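K.L.:
Please read through the structure below; I'll follow up with questions.
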Amino acid sequence: MKARIYGIFILLEAFFMLIASMVALYYNVHAGEEDVIYLLAATMITGIFGFILLSSGREKAKRKENNDRESGGLTMKDSLIVVTMTWVLFCVFGMLPFIFTGSITSVTDAFFETMSGFTTTGSTIMENIDDQPHGILFWRSMIQWLGGLGIIVLFLAVLPALNKKSNQTSLYAAEMSGLGVKKLHPKMSVTSRHLYTIYIILTIACIMAYWAGPMNLYDAVCHAFTTMSSGGFSTHQASIGYYNSHYLEYVCSFFMLVSGVNFSLYYFLFRGDVKYFAKNEELRWWLVFTFICVAIVTALFYIAPKTETVLTVTSSYPENTFEARFRSALFHVVALITSTGYQGSCYDYTLWGGLFLFPTLMIMFSGSCAGSTSGGVKIIRLMVCLKSLKITIRQILHPSAVFTVKVSKEVVHNDLLLKTLNYMFFYAIICVVGIMVLTVSGCNLEESVFNTITSLSNMGPGYGSTGPASTFAGLSVAAKWVMSFMMLLGRLEIYTVLLIFMPAFWNKR
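Residues 287 to 795 (our numbering) are what the sequence shown spells out, left to right.
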């Protein structure tokens, strides 16, 4: 059965690769670009492998059909394997267009770029984006759009649909999203359709808003794909800063904020249930935290140049007006807290001075709302940890009292609370190990810290030689593979991947 599932997913990838090939064909006819033949070749190879896997799985599926009906189809172990392997296979076949066209010549670099795309991390090794053909850049943007809601569709639609007798979504991720508190529909497939409809509507709205500004239609589509997916890939090396447009920076900030909201909340909002949207505690915490960070960064633009103990390059600062500083702070904070990672007209925080580094690192760590397309540990986990800490202190002061953690007036049960706390513990351990490994591979300590956080939180920019003004092309081969693995860990919420490496997972008992 698993081979059949892999085949279906790879065929789906081939379909979207064919769309990118049609874009390449258009620019071949009108601009003479020659990447269409390579994209079509990658599409054919991907499609052939998809058909082979689909065909090889059919006979086994028939033989096991009766057993599956009795056992409920896919087990939890099967589901975890399918999820992880599907993402790896997507990256393996997704990197073919880059290699065939010569846009990226190294397998390591191509896999890194593709993993960064599908996981919506946004870290890139490309140093000549403006010279790339339109078909390749369209595919590069599309893989981020596919990855934006990819996990939600995979968990809430495909796996439960294959295993109709069980709903094990909560076992794969320790998070209290709005999806878990209040279902959109009893059937997961219907929930998936609702979410993707909202995703498409918001993407179209983003396209229209970009197109109304200085972007042409092609750039508007590509940037809308990577904005709503919180990915951050651009069709230009200078990212959003290429256009030097205040309008685009405000519009982009707005839609990045939109992408950071739990998508299930939009469903209730569109249905007219404004109270449910407004009363969501995670959303309130996130918006307050975001605008506090914007206020802090805006204030630092005034304070940092006057602080003699902190080295700053004032030429990298925005213009000496409140509007310019506020706009730069807003774009900086929103781009990082939603894990989009775009660069605006004022973007290189590595030159702003030491006062900006810790707030920037904390913003990259926190992320946005659960159930959104953003990365990071998610605000709701931080909420649960802080509330748990508060209750622990109160319990010490009042030993006989009984306290519970609540989010949006819903009780967080002990098993979910434990998973959340363990997730934070795992995150910390992986960060320490990642920093050590990247330091050994050649990065300095500051770069190792930022590179670990940016890959595990699916953020995008790093620090120093991998900062927002640079790329990750200069990293060693080992560092790129380690970061690729951490991108996958972060996107699949750690547990899904780590469980596969546990000996007990493979115990037949």
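In this text, a Cβ means the ideal position worked out from N, Cα and C, and glycines have one as well. None of these values were measured; they are calculated from a predicted model.
Can you tell me which of P754, M745, R479, Y533 puts its alpha carbon nearest to the alpha carbon of S402?
P.N.:
Nearest option by C-alpha distance: M745.
K.L.:
Between the segment 598–610 and the segment 559–575, do three or more beta carbon pairs fall short of 8 Å?
P.N.:
No contact exists between the segment 598–610 and the segment 559–575.
K.L.:
Under three-state DSSP, which class holds E696?
P.N.:
It is a strand residue.
K.L.:
Is E609 buried or exposed, if buried means 16 or more other CB atoms sit within 10 Å of its CB?
P.N.:
With fewer than 16 Cβ atoms within 10 Å of its Cβ, E609 is classed as exposed.
K.L.:
Kindly list the residues whose CB is nearer than 6 Å to the CB of A460, restricted to its own chain and excluding five residues on each side of it in sequence; keep chain order.
P.N.:
Bear in mind that a pLDDT of 29 at A460, under 50, signals an unreliable position, so the model cannot answer this.
K.L.:
So, is L742 buried or exposed, given that buried needs 16 or more other C-beta atoms within 10 angstroms?
P.N.:
By the 10 Å Cβ count, L742 comes out buried.
K.L.:
Leaving aside the five residues before and after Y635 along the sequence, list all residues of the same chain whose C-beta is less than 6 Å from its C-beta, in chain order.
P.N.:
Excluding positions up to five away in sequence, the list reads F642, T646.
K.L.:
Go through its chain and collect everything with a Cβ distance to Y628's Cβ below 6 Å, but skip five positions before and after it.
P.N.:
Within the same chain, Y628 has close Cβ partners G518, S525, I526, A621.
K.L.:
Quick one: what does DSSP say N414 is sitting in, helix, strand or coil?
P.N.:
Coil, per DSSP.
K.L.:
Taking 8 Å as the cut-off, does the segment 747–764 touch the segment 403–411 (at least 3 CB pairs, one atom from each stretch)?
P.N.:
Yes, the segment 403–411 is in contact with the segment 747–764.
K.L.:
Just tell me which of G421, I367, V698, L481 has its CA closest to the CA of I305.
P.N.:
Here the closest residue by C-alpha is G421.
K.L.:
From L325, L340, I429, pick the residue whose C-alpha is nearest to that of G388; which is it?
P.N.:
Residue L325 is the option with its Cα nearest to G388.
K.L.:
For the alpha helix (DSSP H) that contains K766, what are its first and last residues?
P.N.:
Note, K766: alpha helix (DSSP H), 763–777.
K.L.:
Residue ranges of each alpha helix (DSSP H) run of no fewer than 4 residues wholly in the segment 567–623, ordered along the chain?
P.N.:
With a minimum length of 4 residues, the continuous alpha helix (DSSP H) runs that stay inside the segment 567–623 are 567–589, 608–623.
K.L.:
Report yes or no: do three or more beta-carbon pairs, one from the segment 658–665 and one from the segment 682–700, lie closer than 8 Å?
P.N.:
Too few Cβ pairs lie closer than 8 Å, so no.
K.L.:
Taking only the alpha-carbon atoms, compute the straight-line gap between T455 and L569 and give it to the nearest angstrom.
P.N.:
Only weak support is given to the placement of T455: the predicted model assigns it a pLDDT of 43, under 50, and the value that follows is read from those uncertain coordinates. Answer to the nearest angstrom: the Cα atoms are 22 Å apart.
K.L.:
Would you check if there are 3 or more beta carbon pairs closer than 8 Å linking the segment 362–369 to the segment 775–790?
P.N.:
Short answer: they touch.
K.L.:
Whose C-alpha, out of F379, G318, C729, is nearest the C-alpha of A764?
P.N.:
Of the candidates F379, G318, C729, the one whose C-alpha sits nearest the C-alpha of A764 is C729.
K.L.:
Count the C-beta pairs between the segment 335–344 and the segment 290–305 that are closer than 8 Å, then say yes if the count reaches three, no if not.
P.N.:
Judged by Cβ distances under 8 Å, the segment 335–344 makes contact with the segment 290–305, as three or more pairs qualify.
K.L.:
Which same chain residues, not among the five before or five after I589, have their C-beta less than 8 Å away from its C-beta?
P.N.:
Closer than 8 Å at the Cβ level, and outside the excluded window around I589, lie L641.
K.L.:
Going straight from the alpha carbon of H480 to that of Y553, what length do you get?
P.N.:
Roughly 7 Å between the two C-alpha positions.
K.L.:
Contact between the segment 718–727 and the segment 487–501: three or more CB pairs below 8 Å?
P.N.:
These segments do not touch.
K.L.:
If you count every other CB in all the chains shown that lies within 10 Å of the CB of Q430, and 16 or more means buried, which is it?
P.N.:
Q430 is buried by the Cβ-count criterion.
K.L.:
With a Cβ-Cβ cutoff of 8 Å, do F541 and M514 count as a contact?
P.N.:
Yes, Cβ-Cβ distance for F541 and M514 is below 8 Å.
K.L.:
Does DSSP classify G639 as helix, strand or coil?
P.N.:
Of the three classes helix, strand and coil, the one that applies to G639 here is coil, per DSSP.
K.L.:
If I'm right that S516 touches T400 with Cβ under 8 Å, what's the distance once you round it to whole angstroms?
P.N.:
S516 to T400, Cβ: 17 Å. No contact.
K.L.:
Return the CA-CA distance between T598 and Q523, expressed in angstroms with no decimal places.
P.N.:
Cα-Cα distance, rounded: 24 Å.
K.L.:
Taking the C-alpha atoms as reference points, what is the distance between F736 and I649?
P.N.:
So the alpha carbons of these two residues sit roughly 12 Å apart.
K.L.:
Which same chain residues, not among the five before or five after E331, have their C-beta less than 8 Å away from its C-beta?
P.N.:
First, the residue type needs correcting, since residue 331 is Ile and not Glu in the sequence shown. Cβ within range, chain order: F379, L382.
K.L.:
Can you name, in chain order, every residue of its own chain whose Cβ lies under 8 Å from the Cβ of Y533, other than the five neighbours on each side?
P.N.:
Within the same chain, Y533 has close Cβ partners G499, P500.
K.L.:
Just curious, the alpha helix (DSSP H) that L435 is in, first and last residue?
P.N.:
Per DSSP, L435 belongs to no alpha helix (DSSP H) and is neither H nor E.
K.L.:
How big is the Cα-Cα spacing for M773 and F712?
P.N.:
Going by the C-alpha atoms only, they are around 15 Å apart.
K.L.:
Under three-state DSSP, which class holds D634?
P.N.:
D634 falls in the coil class under three-state DSSP.
K.L.:
F617 and E535 look like a contact to me (Cβ under 8 Å); what is the Cβ gap, rounded to whole Å?
P.N.:
So it is a contact: roughly 5 Å between Cβ atoms.
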